[in-house]
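Some notes on the structure that comes next.
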Amino acid sequence: MIDTPLNLLGALLLVAGAAFLLLGGLGLVRMPDLFNRIQAGTKATTLGTLLSLAGVACLQPDWGLKLLLIGLFILFTNPISSQVLARAAHRSGVEKSSLTSIDRLAEDQGAQP
Amino acid sequence: MAKARASVLLFATLLGFWLLLNGSLATDVLVIGVIAALVITLLFRDSLAVVSEFRATPHALITAPSYVFYFLKELVRSNLRLASIVLSPALPLRPGIVKVRTRLKSRMGRLLLANSITLTPGTLTVELDGEWLYVHWVTVESEDVDAATADIVNGFERYLEVMYG
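As they're listed, the protein sequences go chains A and B.
So the mapping is simple: the working numbering equals the position in the first sequence, first residue as 1, plus 3.
So the mapping is simple: the working numbering equals the position in the second sequence, first residue as 1, plus 344.
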């Protein structure tokens, strides 16, 4: 299978993508509250998925354009869904970690109810 | 006139996506694509702000690729930093929600800014309110509005200001 430089590059990209996804999963377990977990989840899945897509594109060059489109959709939708989740969580008063040092949003909402 | 231009752009973009995803120019594929793109264009005429609000000036066209490059660089940095936090036994966090201000006026510029912030080192946009953005930060470094804006917003704003204003 790994006989050409392109195949090797594809395999390496897939491993790198999987590694970032693993780190994201670890982040989900270790982070103290919902907001920090979303942070770990969003960034790791975006880069991990993009790297995996790039890896597949190296292994199957014919699929390149489709994979590029999938990557674009992920780049646009992933942060939006995270942002909406975070906003919904904040609005419904999800408990924040005791480490939290400041919350300007709650302050401002307290000022103008 | 601007509306007609936006509709044509939306139609062309939709049809382009359809053809790329299908990877074929057969008659039936083409006909279905044209019908679907037409219906969607009629229903959502004002919805393709990514393209229609883009300022097609030469300066903006040069800026767009450097924005993409800067963004990808920040995305990788963001992941490496997150990895170092997650892997360190002490879990060095100082989370908080700070308030920052943007100079961008257009809807699309603000959306891209919010998305970019979410995908870059330790920050997550929680709420948008006009020119104010509330950003969750894993390691709060500056609680002051201006200092936080300089840290979080300015890097992207430089590019987006040229592209969308």
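Glycine included, each C-beta is placed from N, C-alpha and C at the ideal position.
On a predicted model such as this, the values are computed, not experimentally measured, just so you know.
Look at the alpha carbon of Leu353/B and the alpha carbon of Thr401/B, and state the distance between them as a whole number of angstroms. 17 Å
Pro82/A versus Leu88/A: straight-line alpha-carbon distance, rounded: 10 Å
Same chain, Cβ closer than 8 Å to Val59/A, neighbours up to 5 away in sequence not counted: Gly13, Leu17, Trp66, Leu70
Interface residues of chain A facing Val420/B [CB-CB closer than 9 Å]: Leu50
Backbone CA spacing between Leu364/B and Tyr508/B [nearest angstrom]: 27 Å
Locate the beta strand (DSSP E) running through Glu505/B, then write down its first and last residues. Run containing Glu505/B: none in the beta strand (DSSP E); it sits in the alpha helix (DSSP H), 498-507.
8 Å Cβ cutoff met for Leu25/A and Asn423/B: no
Thinking Gly466/B and Trp481/B are a contact (beta carbons under 8 Å), I'd like their distance in whole angstroms, please. 6 Å
Cβ of Ser55/A within 8 Å of any chain B Cβ: no
Note the first and the last residue of the continuous alpha helix (DSSP H) segment covering Val479/B. For Val479/B, there is no enclosing alpha helix (DSSP H); the enclosing beta strand (DSSP E) has its first and last residue at 476-481.
Beta-carbon proximity of Ala43/A to Val375/B, cut-off 8 Å: no
Consult DSSP for Ile441/B and reduce its assignment to one of helix, strand or coil. strand
For the alpha helix (DSSP H) that Asp473/B lies in, which residues bound it at each end? Asp473/B -> not in any alpha helix (DSSP H); beta strand (DSSP E) instead, spanning 467-473.
Would you decide whether Leu63/A is buried or exposed? Buried here means 16 or more other CB atoms lie within 10 Å of its CB. Just to set this straight, residue 63/A is Gln in the shown sequence, not Leu. With fewer than 16 other Cβ atoms inside 10 Å of its own Cβ, Gln63/A counts as exposed.
Given Leu15/A as reference, the closest of Arg40/A, Leu54/A, Leu37/A, Gly28/A once Cα atoms are compared: Leu54/A
What residues of chain A sit near Ala427/B, judged by a beta carbon separation below 7 Å? Leu26
Rounded to the nearest angstrom, what separates Ser100/A and Gly28/A at their Cα positions? Distance from the CA atom of Ser100/A to the CA atom of Gly28/A, rounded to whole angstroms, is 19 Å.
Which of helix, strand or coil DSSP assigns to Asp488/B: coil
Taking Pro439/B as the reference, which of Phe361/B, Asp372/B, Thr483/B has the closest Cα? Thr483/B
Identify whether Asp111/A lies in helix, strand or coil by the three-state DSSP scheme. helix
What number of angstroms, rounded off, separates the C-alpha of Ser450/B from the C-alpha of Glu505/B? 9 Å
Per-residue burial, Ile461/B [other beta carbons within 10 Å of its own, 16 or more giving buried]: The residue is buried, with at least 16 neighbouring Cβ atoms inside 10 Å.
DSSP on Asp36/A, reduced to helix/strand/coil? coil
To the nearest angstrom, report how far apart Thr464/B and Ile105/A are at their CA atoms. Answer to the nearest angstrom: the Cα atoms are 20 Å apart.
Who are Asp106/A's beta bridge partners in DSSP? Residue pairing of Asp106/A in beta bridges, as defined by DSSP: Ile441/B.
Measure from the alpha carbon of Gly377/B to the alpha carbon of each residue in Thr407/B, Trp362/B, Ala404/B, then state which is nearest. Trp362/B
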